[in-house]
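Participant:
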Amino acid sequence: MIDGNGDAADAAVTLTVVKPPACVSATKKRRQLATQIALLKKRLKNAKTEDERRRLRSQLAKKRAQLKKAKGTESRACKT
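Plus 72 on top of the position in the sequence shown (first one is 1) and you've got the working numbering.
Rendered as structure tokens:
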């Protein structure tokens with residue numbers, strides 16, 4: 073492309089890859105779960121009572137299972 077001054081330049085063409093909505097939402101869900109797990113781990117580390125530790129460990133185990141499932145869902149949704 074040649075502009076008004078006679079300088080040659082590349083055409084300003086940008087290519088944006090649009091992900092399917094299912095992929096975007098699956099990625100968002102996975103990231104949210106990962107953040108929640110990180111927070112639970114932090115809370116578990118600072119837990120004072122055994123009862124609180126037991127409750128947080130149970131929540132953490134459930135979130136980890138959800139994250140594992142979400143990763144699979146994301147990889148299926150984002151396959152192109």
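Yeah, the Cβ is synthetic: ideal placement off N, Cα and C, and Gly gets one too.
Note the first and the last residue of the continuous alpha helix (DSSP H) segment covering K117.
Facilitator: 93-117
Participant: Give me, in chain order, the residues of the same chain whose beta-carbon lies closer than 6 Å to that of C150; leave out the 5 immediate sequence neighbours on both sides.
Facilitator: C95
Participant: Measuring alpha carbon to alpha carbon, tell me which residue in T99, G144, L128, S97 is nearest L111.
Facilitator: L128
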